[in-house]
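Enquirer:
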Amino acid sequence: MPQIHQLYPVPSVQYPNDHDGIDASARDYIFGCPISAVANDAARSTGQPIWRYVYNAYFPNQQPIPGLRAYHSSEIFEIFGTYSQHGATQQQIQLSNFMQTAWANFAKNPSGGPGWNTISSGTLGELGANEKIISNYDDADDDNPTTTVAVSNEQTLRSANI
21 MPQIHQLYPV PSVQYPNDHD GIDASARDYI FGCPISAVAN DAARSTGQPI WRYVYNAYFP
81 NQQPIPGLRA YHSSEIFEIF GTYSQHGATQ QQIQLSNFMQ TAWANFAKNP SGGPGWNTIS
141 SGTLGELGAN EKIISNYDDA DDDNPTTTVA VSNEQTLRSA NI
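To convert, take the position in the sequence shown, counting from 1, and add 20; that gives our numbering.
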């Protein structure tokens, strides 16, 4: 437990309460570390470019529970443009347009990438965080299974059939 408290200090700016700290540690354990290991192993073993993203956007008009934030599969609404138009924000509209374009371009030309760096850069695309459409998310700590970083919905895109 002391190691978990060091990685997820409560209270702190990032984890203001026990719920946020527990949620982040469970999310990282279930999603963050395993997907990082699989993506990095696939990149090393195939030599093919692999892209990852973390989806950190959340919008009140798609929250099944108030205050839920980004949750597993919440980006599906933006990918397909099926989010509720009632209460949609300008950021949500722009993010949805960006994601639809990125996915379509990636499907047309996988070697061109989806619009952010491959995992070999040590960063992954962060979609929708802090009112930004796309930014870089430092993935350095994800490679060490004893250290985790706060991530939300994380997906891997690859251009190789493995």
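The C-beta atom is built at its ideal place from N, Cα and C for all residues, glycine as well.
Drop a sphere of 10 angstroms on the beta-carbon of Q82, count the other beta-carbons inside from all chains shown, and report buried for 16 or more, exposed for fewer.
Expert: Residue numbering aside, residue 82 sits at position 62 when the sequence shown is read from its first letter. Under this definition Q82 is a buried residue.
Enquirer: When you compare the CB positions of L147 and Y73, do they come within less than 7 Å of one another, or not?
Expert: Locating residue 147 in the sequence shown gives position 127, counting from the first residue. Locating residue 73 in the sequence shown gives position 53, counting from the first residue. Yes, these two residues count as a Cβ contact at 7 Å.
Enquirer: Decide if N117 is buried, meaning its Cβ has at least 16 other Cβ atoms within 10 Å, or exposed.
Expert: Within the sequence shown, numbered from 1, the residue matching residue 117 stands at position 97. So N117 ends up on the exposed side.
Enquirer: Specify whether the stretch 99 to 116 and the stretch 134 to 153 touch according to this definition: at least 3 beta carbon pairs, one from each stretch, less than 8 Å apart.
Expert: At 8 Å Cβ cutoff, the stretches touch.
Enquirer: If you check the beta carbons only, do I70 and A59 fall under 7 Å apart?
Expert: Counted from its first residue, the sequence shown places residue 70 at position 50. Counted from its first residue, the sequence shown places residue 59 at position 39. Yes; because the gap between Cβ atoms is below 7 Å, this pair is in contact.
Enquirer: Please list the terminal residues of the continuous alpha helix (DSSP H) segment that includes V58.
Expert: Taking the sequence shown and counting its residues from 1, the one referred to as residue 58 is at position 38. Run containing V58: C53 to T66, per the alpha helix (DSSP H) assignment.
Enquirer: DSSP state of E146, grouped into three classes?
Expert: Reading the sequence shown from its first residue, position 126 is the one you call residue 146. Residue state, collapsed to three classes: strand.
Enquirer: With DSSP collapsed to three states, give me the class of W71.
Expert: On the sequence shown, position 51 is the one that residue 71 refers to. Strand at W71.
Enquirer: DSSP state of S140, grouped into three classes?
Expert: Translated into the one-based positions of the sequence shown, residue 140 becomes position 120. It is helical.
Enquirer: If you drop the 5 nearest sequence neighbours on each side, which residues of the same chain put their C-beta closer than 7 Å to that of A122?
Expert: By one-based count along the sequence shown, residue 122 stands at place 102. The residues are P134 and G135.
Enquirer: What residue does the alpha helix (DSSP H) around E98 start on, and which one ends it?
Expert: Here the question's residue 98 lines up with position 78 in the sequence shown. Start and end: I96 to F100.
Enquirer: Going by other Cβ atoms of all chains shown within 10 Å of its Cβ, with 16 needed for buried, is T138 buried or exposed?
Expert: Position 118 of the sequence shown holds residue 138. Flag for T138 reads buried.
Enquirer: I need the boundaries of the alpha helix (DSSP H) containing I113, first residue and last residue.
Expert: As a first step, residue 113 is located in the sequence shown; it is residue number 93 there, counting from the start. Its alpha helix (DSSP H) spans residues Q110 to K128.
Enquirer: Taking only three categories from DSSP, how would you classify N37?
Expert: Position 17 of the sequence shown, counting from 1, holds the residue named residue 37. The answer is coil: DSSP assigns N37 none of H, G, I, E or B.
Enquirer: Under 7 Å Cβ to Cβ from S140, same chain only, skipping five residues before and after it: list those, please.
Expert: Position 120 of the sequence shown, counted from the first residue, corresponds to residue 140. A63.
Enquirer: Nearest by alpha-carbon distance to H106: which of P22, L144 and P80 is it?
Expert: Numbered from 1 along the sequence shown, position 86 holds the residue referred to as residue 106. Considering only alpha carbons, the answer is P80.
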